[in-house]
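Residue numbers (this note's numbering): 4 to 463. Cβ atoms here follow ideal geometry from the backbone N, Cα and C, with glycine treated the same way. The structure appears below as structure tokens.
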Amino acid sequence: MSTPAPADAAKSAAHGKHMAMFIVFLVVFIDLLGFGIVLPLMPRFAVDYMSGFADWEKGLVIGLLYSSFSLMQFVFSPMWGRISDRIGRRPIVLLSLAGSVVFYGLFAFACTLPPAQSTLALLLLLASRIGAGIAGASVSTASAVIADSTTPEKRSKGMALIGVAFGIGFTFGPLIAYAGLIWLPTDANDADKIASEWLWVPGGIASGLSLIALLIAYAKLPETLKAGSGESERKGFSLGRSMDVLKMPMIGPLILIYFLAIFAFANFEATLALYTKDVFHFNDKKNFLVFAGVGFVLMLAQGGFYRRFAGKVSEQTLMKAGLAMMLMGLGGLGVISYYTYQSKLASGDVSSFHLIFYIAIAVSVFGFAFVNPSVSSLVSRRADPNRQGEILGVNQSFAAIGRILGPLLGSYVFWMHPSRTLPFVCAGGLLILVLLLMSSVGVSDEEAKQAKDVEASTPS
Numbered sequence: 004m005s006t007p008a009p010a011d012a013a014k015s016a017a018h019g020k021h022m023a024m025f026i027v028f029l030v031v032f033i034d035l036l037g038f039g040i041v042l043p044l045m046p047r048f049a050v051d052y053m054s055g056f057a058d059w060e061k062g063l064v065i066g067l068l069y070s071s072f073s074l075m076q077f078v079f080s081p082m083w084g085r086i087s088d089r090i091g092r093r094p095i096v097l098l099s100l101a102g103s104v105v106f107y108g109l110f111a112f113a114c115t116l117p118p119a120q121s122t123l124a125l126l127l128l129l130a131s132r133i134g135a136g137i138a139g140a141s142v143s144t145a146s147a148v149i150a151d152s153t154t155p156e157k158r159s160k161g162m163a164l165i166g167v168a169f170g171i172g173f174t175f176g177p178l179i180a181y182a183g184l185i186w187l188p189t190d191a192n193d194a195d196k197i198a199s200e201w202l203w204v205p206g207g208i209a210s211g212l213s214l215i216a217l218l219i220a221y222a223k224l225p226e227t228l229k230a231g232s233g234e235s236e237r238k239g240f241s242l243g244r245s246m247d248v249l250k251m252p253m254i255g256p257l258i259l260i261y262f263l264a265i266f267a268f269a270n271f272e273a274t275l276a277l278y279t280k281d282v283f284h285f286n287d288k289k290n291f292l293v294f295a296g297v298g299f300v301l302m303l304a305q306g307g308f309y310r311r312f313a314g315k316v317s318e319q320t321l322m323k324a325g326l327a328m329m330l331m332g333l334g335g336l337g338v339i340s341y342y343t344y345q346s347k348l349a350s351g352d353v354s355s356f357h358l359i360f361y362i363a364i365a366v367s368v369f370g371f372a373f374v375n376p377s378v379s380s381l382v383s384r385r386a387d388p389n390r391q392g393e394i395l396g397v398n399q400s401f402a403a404i405g406r407i408l409g410p411l412l413g414s415y416v417f418w419m420h421p422s423r424t425l426p427f428v429c430a431g432g433l434l435i436l437v438l439l440l441m442s443s444v445g446v447s448d449e450e451a452k453q454a455k456d457v458e459a460s461t462p463s
């Protein structure tokens, strides 16, 4: 029996890596379609079950719904990463997608309950978020698949693929929901609200899309973990091991910066649906278009701009540019909040602020699109190859803490002043701190050598 020629074996291996990256892109895209459908509706559906609640209580409950998902990711992402280092990436991605099918379905069921069962509805919404957080390892494990399938110098472009999938999914998810709202029957008493018997549809669509992603991954996703590299210990959540990663001099500062950047951005994410309703009186249809715009900017930034610069400009430089844009955009939203409040007091007309509001959102999202893959790429390149899954899991775990604290803080302070400026003030303060911490990131010897090689190969 003849053995494959080395050239054929290399070609087959390259094809397998490209197939893995394509399937990961497709899986994350379809999963984010469902996420993009549900996210804009969650705070609004939850508020419908909170009649009689004080404003600060509504903020606390909404913050808890957002944060519970991230709390579970904080606990479980490093554990799933270590397990994927031992048994492979493929089963963890499949488990994650199966969880999305089940818990988006639970979200759909919770939304059909009548107001008389508001306590049960809120508990089921919370359970759906907790369950999705436990199962939701697809992004961190997808990052490990990208790391397995790319060389260090191409890592940032590979990580940007996940951001592009996020952006496309997060663009078309709200657009699908928007199209659905056009034909779904509306409440007889409110032309802008979905009729109660159809409230299950958004969650049902999200669950169905996750099922499609699960079937594609089951049929096509190859295993990318190299034989013999799964040496991770058989442990569950370990705070000690996570702290060991945080103490790594070339990795710890990056994870801290990522945590603070996510913390700042989550103030904006968690309050956007409330902000558009409270300040501009947008209905659900207009709100879906706003979220679709956010996804489109994310897709454009990472697919059209970031990937052009990746490999030509250092990740540190791209991170600084992204953080500066986030500060300008979120700071701009704070200024807009203040002046729309003053305008409401004077004349009640805030329509003149719509365009600058969209510009500020675009700038902040553009900046975040530069920060996210830059951090993931640097962490992956500096990680021990045998601990890729674990270290990327710890990175996602501390990002999850930011997504816990951001919605809690943002949703709480949102109601503290009628101008709605406080979430953006908090975000701006955090980003100033992040920019001050950038000096601690450092450059590894390998990165310095690669930078010199790029400089030498660039025509003067």
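| Asked | Found |
| --- | --- |
| Assumed close pair V300, V368 - CB separation to whole angstroms, cut-off 8 angstroms | 5 angstroms |
| For S443, three-class secondary structure by DSSP | helix |
| Integer-rounded CB distance, given that R158 should sit under 8 angstroms from S383 | 6 angstroms |
| Span of the alpha helix (DSSP H), counted from its first residue to its last, around R89 | D58 to I90 |
| Span separating the alpha-carbon of M302 from that of P252 | 32 angstroms |
| Beta-carbon spacing of L395, S87 below 7 angstroms | no |
| C-beta atoms of T144 and I219 nearer than 7 angstroms | no |
| CA-to-CA distance, E156 to F312, given in whole angstroms | 13 angstroms |
| Rounded C-alpha distance that separates K160 from L228 | 20 angstroms |
| Pairwise C-alpha distance: G255 and R237 | Reliability fails at R237, whose pLDDT of 47 lies under 50, so the model's placement of it is uncertain and the value that follows must be treated cautiously. Going from the Cα of R237 to the Cα of G255 covers about 23 angstroms. |
| N-terminal and C-terminal residue of the alpha helix (DSSP H) that T320 is part of | E318 to A349 |
| Whole-angstrom distance between L109 and F262, CA atom to CA atom | 29 angstroms |
| Rounded distance between the beta-carbons of V282 and R423, thought under 8 angstroms | 6 angstroms |
| Cβ neighbour criterion (16 or more within 10 Å) applied to S235 | In this prediction, S235 has a pLDDT of 47, which is less than 50 and means its spatial position is unreliable; nothing more can be read from the coordinates. |
| Buried or exposed (CB count within 10 angstroms, at least 16 for buried), Q391 | buried |
| With 16 other Cβ atoms within 10 Å as the buried cut-off, status of P376 | buried |
| Helix, strand or coil at A23 according to DSSP, with G and I counted as helix | helix |
| Where P388 falls, given that 16 or more other Cβ within 10 Å makes a residue buried | exposed |
| Same chain, Cβ closer than 6 angstroms to N398, five either side skipped, listed in chain order | I258 and V382 |
| Contact between the stretch 25-36 and the stretch 164-172 (3+ Cβ pairs under 8 angstroms) | yes |
| Opposing strand residues paired with A313 [DSSP bridges] | V316 |
| Three or more C-beta pairs below 8 angstroms linking the stretch 319-326 and the stretch 73-88 | no |
| V353 - containing alpha helix (DSSP H), residue span | No alpha helix (DSSP H) holds V353; DSSP gives it neither H nor E. |
| Enclosing alpha helix (DSSP H) for M53 [first to last residue] | No alpha helix (DSSP H) contains M53, which DSSP labels as neither H nor E. |
| Limits of the alpha helix (DSSP H) - the one that D420 falls within | The sequence shown places His at residue 420, not Asp. Note, H420: premise wrong, no alpha helix (DSSP H); not H, not E. |
| Delimiting residues of the alpha helix (DSSP H) encompassing R390 | Looking at the DSSP string, R390 is not in any alpha helix (DSSP H), and its letter there is neither H nor E. |
| Spatial distance of T153 from P421 (CA atoms) | 49 angstroms |
| For D448, the three-state DSSP class (helix, strand or coil) | Residue confidence for D448 is low, a pLDDT of 46 falling below 50, so the modelled location carries little weight and cannot support an answer. |
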